[in-house]
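Just so you know, the protein sequences line up as chains Z and Y, in that order. For the first sequence, our numbering begins at 1 and goes up steadily by one. For the second sequence, our numbering begins at 1001 and goes up steadily by one. Contents: one structure, followed by commentary.
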Amino acid sequence: MVPSTLALLLVLIPAILMALSIVREKELGSITNFYVTPVNGIEFLIGKQLPYIAVGLVNFAVMLLMALFVFRVPLKGSFPTLALGALLYVTTTTGYGMLISSFTRTQIAALFGTAILTFVPAMQFSGMLTPVSSLSGPGAIIGHIFPMTYFLEISVGTFTKRLGFGDLRVNLIELAIFIPVLTLMSLAFLRKQEA
Amino acid sequence: MRRMVANIFWLGTKELRAFSHDFVLVALVVWAFSFSIVSIARSSLQELHDASIGIADEDQSALSRRISQAFLPPYFKTPRPIATHDIEGLMNTGALTFVIDIPPNFQRDLVGGRQPRLQVYVDATAMMQAGIGAGYIQQIISAELNNFLSRSEVVPRPPVNLDVRIAFNPNVTTAWFTSVMAIINDVTMLAVILAGAAIVREREHGTMDHLLVMPLTPFEIAMSKIWSNALVITVAVGLSLTVVVRGLLGVPIAGSILLFLAGVVIYLFFATAIGIFLGTVARSMPQLGLLYMLVVIPMNMLSGSNTPLESMPPFLRTVMQASPSTHFVSFAQAILYRGAGFDTVWPQFLAVAMIGGLFLGLALLRFRRVTAQAT
């Protein structure tokens, strides 16, 4: 349960903080400041994202230490793989928050939207309780396009199954694919609103 | 008094207008109470469904083939024949949740009465399935073995015939359970967010000061936010229960929906009070978001809507009695599944109302203090 809770919190917290940080600027109007500067959309998004990736990684470090020393769950597999996975994962989940922020206008909508759009897939469809391969219907589709599914295997694999880089290479690549896709989608939505 | 009621009413309509103007928010609420519920109900979460199983058949006898053929959908996927040396790799990647290893000469040893060993590997990281599935596999294999042996020798009949009758949900369909529990989780989530965000928004925009210079008391401001947000959620729950759960998913509802909605209204007083309380603690929306997760995740996960309260440690069980979400889940199950009337559920209603009232008082107290500081 500890490795999967790690994955759960690393999607909830970064996504909510990221989504709010962008929508906040929209709601309070300070985003207009950016429109008049020569900063373009992608610079704005990535600049916003970087600090939250850092926050997410600190978050990861604290939870890792808690898992090891408070809950005494041994890390049997490769630590570099887990750390690399966490970096990719946090980048992806902040990207997920960014995507949600790009189509919401108010902070309430962004907060509730991120909560509902991450909580339900994370708890139900990402393999935390039931393996994704046994899901059927809409749940199976959501499970396959939700980043936590892929990080959960990395987290559970390195903690309990003694897996290393070789076993989890595919998962790492799959996580990495999310990053450009999410960024480009957010950019597309953001552009539409500027026009 | 009349003036106070009128103030609360008109302020509440302002909240409703703000809500209905936010199209994305309205769309998200609709999504939460329709598609989200359907997707949870239709995904066969808690039962053994399409479990992946592999069989390393080193015996290749009639018996070992019969065992492989005994694992049928919808419980299991078609068993995948694998080699012994692949077992570890396939279990590691999570490709297979269960593996059965049938040793060489299994049938011969069985017939010869040498008690051969059959190995079953279970991936315990697939938490829900591991336990249920291991039980199913044991039953299936022993049934096959009994069948096989009964042709060659006389197997003694079991001394007792177990006669199992399942009440309230004869086919143990999990959709009946998960759909309603999903609504309950949504109610808690939405109530806390809407009320909390309504407060934080006013503070961030500075419109709270506008309200305070008007001849209004903090009590009126808080009550207006409670009734308007509670109304939105009650309507959403009513529609979701009748249209989505009963209509679309075909879940039979045993008790009175009106009685349940009355319970929802009582519960909402508590949940929105928590929202207002958090709204007074948080100074910005991101703070509210983080506080929200600290409060709502345990309230939802430990309320008995995901796992039964009885299987939690005694300490946690006692603590969760103080959370109205626990009583909410318990009366919701009583009314909707077992058709309980008011005479059965009134203790839970009372518990929710009392804890809710207490929290509302606390929230108001804090609200008064915070707004007094602001002026």
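Beta carbons are placed, not taken as given, at the ideal position from N, Cα and C, and that holds for glycine.
Per DSSP, cross-strand counterpart(s) of residue i
i                      : result
residue 1119 (chain Y) : Y:1101
residue 1051 (chain Y) : Y:1076
residue 1056 (chain Y) : Y:1101
residue 1218 (chain Y) : Partner(s): none; residue 1218 (chain Y) has no beta bridge.
residue 1081 (chain Y) : Y:1055
Sub-8 angstroms separation of residue i and residue j beta-carbons
i                      : j                      : result
residue 1247 (chain Y) : residue 1339 (chain Y) : no
residue 1025 (chain Y) : residue 1019 (chain Y) : yes
residue 45 (chain Z)   : residue 1285 (chain Y) : no
residue 142 (chain Z)  : residue 1039 (chain Y) : yes
residue 137 (chain Z)  : residue 1368 (chain Y) : no
residue 1267 (chain Y) : residue 1352 (chain Y) : yes
residue 1050 (chain Y) : residue 126 (chain Z)  : no
residue 1194 (chain Y) : residue 108 (chain Z)  : yes
residue 1087 (chain Y) : residue 1141 (chain Y) : no
residue 124 (chain Z)  : residue 113 (chain Z)  : no
residue 77 (chain Z)   : residue 191 (chain Z)  : no
residue 1323 (chain Y) : residue 1012 (chain Y) : no
residue 1220 (chain Y) : residue 1008 (chain Y) : yes
residue 152 (chain Z)  : residue 4 (chain Z)    : yes
residue 1070 (chain Y) : residue 1015 (chain Y) : no
residue 67 (chain Z)   : residue 2 (chain Z)    : yes
residue 1261 (chain Y) : residue 1237 (chain Y) : yes
residue 1302 (chain Y) : residue 1320 (chain Y) : yes
Sequence-distant residues of the same chain with beta carbon closer than 8 angstroms to residue i, five excluded per side
i                      : result
residue 53 (chain Z)   : 14, 87, 90, 91 and 94
residue 1363 (chain Y) : 1222, 1273, 1274, 1276, 1277 and 1280
residue 48 (chain Z)   : 18, 21, 22 and 98
residue 189 (chain Z)  : 99, 102 and 103
residue 85 (chain Z)   : 151, 154, 155, 158, 168, 171, 172 and 175
Interface partners of residue i on chain Y, CB under 7 angstroms
i                     : result
residue 153 (chain Z) : 1094
residue 142 (chain Z) : 1039
residue 24 (chain Z)  : 1285
residue 103 (chain Z) : 1024
residue 12 (chain Z)  : 1293
residue 75 (chain Z)  : Near residue 75 (chain Z) there are no residues of chain Y at all, since even the closest Cβ is about 15 angstroms away, more than 7 angstroms.
Close-in-space but distant-in-sequence residues of the same chain around residue i (CB under 6 angstroms, 5 per side omitted)
i                      : result
residue 1119 (chain Y) : 1101
residue 1240 (chain Y) : 1033 and 1183
residue 1226 (chain Y) : 1272
residue 101 (chain Z)  : 19, 22, 23 and 110
residue 1002 (chain Y) : none
residue 1327 (chain Y) : 1348, 1351 and 1352
residue 17 (chain Z)   : 52
residue 1196 (chain Y) : 1275, 1278, 1279 and 1288
residue 11 (chain Z)   : 93, 118, 122 and 148
residue 1245 (chain Y) : 1179 and 1251
residue 195 (chain Z)  : Residue placement at residue 195 (chain Z) cannot be trusted, given a pLDDT of 47 that sits under 50; what the coordinates show is reported in the next sentence. Closer than 6 angstroms at the Cβ level, and outside the excluded window around residue 195 (chain Z), lies no residue.
Chain Y contact residues for residue i, given Cβ-Cβ distances below 9 angstroms
i                     : result
residue 136 (chain Z) : 1042, 1043, 1044, 1049, 1050 and 1074
residue 124 (chain Z) : 1039, 1040, 1043, 1045, 1178 and 1182
residue 49 (chain Z)  : Simply none; closest approach about 15 angstroms.
residue 164 (chain Z) : By Cβ distance, chain Y contributes nothing, its closest Cβ being about 10 angstroms from residue 164 (chain Z), past 9 angstroms.
residue 181 (chain Z) : The premise fails here: residue 181 (chain Z) is roughly 22 angstroms from chain Y at the closest Cβ pair, so nothing lies under 9 angstroms.
Partner residues on chain Z for residue i, Cβ-Cβ distance less than 9 angstroms
i                      : result
residue 1299 (chain Y) : The contacting residues do not exist; residue 1299 (chain Y) stays about 12 angstroms from chain Z at best.
residue 1201 (chain Y) : 27, 106, 107 and 108
residue 1194 (chain Y) : 108 and 112
residue 1204 (chain Y) : 24, 27, 28 and 107
Same chain, Cβ closer than 7 angstroms to residue i, five either side skipped, listed in chain order
i                      : result
residue 150 (chain Z)  : 171, 174 and 175
residue 1054 (chain Y) : 1079, 1080, 1082, 1090, 1096 and 1099
residue 1129 (chain Y) : 1048, 1051 and 1097
residue 1105 (chain Y) : 1059
residue 1188 (chain Y) : 1271, 1296, 1299, 1300 and 1325
Contact list for residue i against chain Y, beta-carbon separation under 8 angstroms
i                     : result
residue 92 (chain Z)  : Those within 8 angstroms of residue 92 (chain Z) in chain Y number zero; the least Cβ separation is about 19 angstroms.
residue 17 (chain Z)  : 1286, 1289 and 1290
residue 186 (chain Z) : Going along chain Y, no residue has its Cβ under 8 angstroms from residue 186 (chain Z), so there is no contact; the nearest lies around 15 angstroms.
8 angstroms Cβ cut-off: residues of chain Z touching residue i
i                      : result
residue 1189 (chain Y) : 112, 115, 116 and 119
residue 1125 (chain Y) : 156, 160 and 161
residue 1129 (chain Y) : 130, 131 and 134
Per-residue contacts from residue i into chain Z (C-beta, under 7 angstroms)
i                      : result
residue 1403 (chain Y) : Past the boundaries of the shown model lies residue 1403 (chain Y); chain Y is included only from 1001 to 1375, so the question cannot be answered.
residue 1197 (chain Y) : 107, 108 and 111
residue 1036 (chain Y) : 116 and 120
residue 1028 (chain Y) : 109, 112, 113 and 116
residue 1344 (chain Y) : Correct list: empty, because the minimum Cβ distance to chain Z is about 30 angstroms.
| query | Which ranges would you report for the alpha helix (DSSP H) in the region 65–131 of chain Z if only whole runs of at least 4 residues count? | reply | 79–103 and 107–120
| message | Going residue by residue through the region 124–183 of chain Z, where are the continuous alpha helix (DSSP H) segments of at least 4 residues, counting only ones entirely within it? | response | 137–145 and 147–160
| Which runs of the alpha helix (DSSP H), 4 residues or longer, sit entirely within the region 1200–1270 of chain Y? | 1207–1213 and 1218–1239
| task | Give, in chain order, every unbroken run of the alpha helix (DSSP H) that is at least 4 residues long and sits entirely within the region 1279–1323 of chain Y. | result | 1285–1301 and 1314–1320
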